[in-house]
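Below you'll find the structure, written out as structure tokens, and then a few comments.
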Amino acid sequence: MGGREPKEILVAVNSGSTTHSNLLERALCTLIFFTPPSAVYAKGEASKIREAADGNTLFRVTLIEIKEDYSEVAPIITQPLFDDSKVKPRYIQTYLELSG
């Protein structure tokens, strides 16, 4: 990835979400960051820190492995596209708002 890699990442997750349930049940996760022209995959183990006043739960993800997906021949030039029939519209809207 270049430079100094972080050892942990803090993540806020909606307390009523499937992601929240999955992190509590399984803890192992992969966070994907789209940073055109590449994508970064951060595998880690999540542990709950606390509930926030805004309805989110804060998790600490201790990183186990980080990989970067990049090719000069086929760079990533956009965020992923979602099939409207398979993904909740709210998730699509939230993702687009977060990705700028």
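Quick note on my numbering: the sequence shown kicks off at 1151 and runs consecutively.
By construction, the Cβ of each residue, glycine as well, lies at the ideal position given by its N, Cα and C atoms.
Remember, predicted model here, so these are calculated numbers, not experimental data.
Unbroken beta strand (DSSP E) runs of no fewer than 3 residues, entirely contained in the stretch 1151-1203, are found at 1158-1164, 1178-1185, 1188-1201, following chain order. In the structure shown, GLU1215 falls within a strand segment according to DSSP collapsed to helix, strand and coil.
Straight-line spacing of the CA atoms in GLU1218 and THR1185 works out to 10 Å. Shown here, THR1228 sits in coil according to DSSP, grouped into three states, outside any helix or strand. By the 16-neighbour rule on beta-carbons within 10 angstroms, GLY1166 is exposed. Here ALA1162 is exposed, its C-beta having fewer than 16 other C-beta atoms within 10 Å. Minimum Cα-Cα distance from ILE1216 among the listed residues ASN1206, GLY1205, TYR1191 corresponds to TYR1191.
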